[in-house]
Amino acid sequence: MSGIGPSICGPHPGYGLRVRLDHAKAKSLASADFACSCGLPPEDAVGYDAVASLVIRAERHMRDDCPNPHVRKRAALRSARRIQRDSKRRK
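Take 1 as the starting number for the sequence shown in full-length UniProt numbering and just add one per residue.
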């Protein structure tokens, strides 16, 4: 973690991606943190644009680059579910 952003789940948050956006109009207060079980150094972000880029990097890592097969499988299922949901919305 870079130490700039608050840890959403306490000082030892565990693995995964956590995003916090308290109010849609207060985008500058958005915060996120990410830690992967493969040993990738944890990251955090504050501010809407930084949080959006962290979410994209985290999902790409979990889906494509993570050496843990369970993490890759769950990320691929989330991605497939998201694609299916978005295609249903367009109809």
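Ideal Cβ positions, reconstructed from N, Cα and C, are used throughout, including at glycine.
A straight line joining the alpha-carbon of Asp65 with that of Asp22 spans about 31 Å. Each of Cys38, Ala75 and Asn68 was checked against the Cα of Val55, and the nearest Cα belongs to Ala75. With respect to the C-alpha of Asp33, the residue from Gly39, Ala26, Lys27 and Asp44 having the closest C-alpha is Asp44. In the DSSP assignment, Leu29 falls outside any beta strand (DSSP E), carrying neither H nor E. In the three-state reduction of the DSSP assignment, Leu17 falls in the strand class, which pools E and B. For Asp44, the enclosing beta strand (DSSP E) starts and ends at Glu43 to Val46.
For Ala80, same chain residues with a beta-carbon under 8 Å away, outside a window of 5 residues either side, do not exist.
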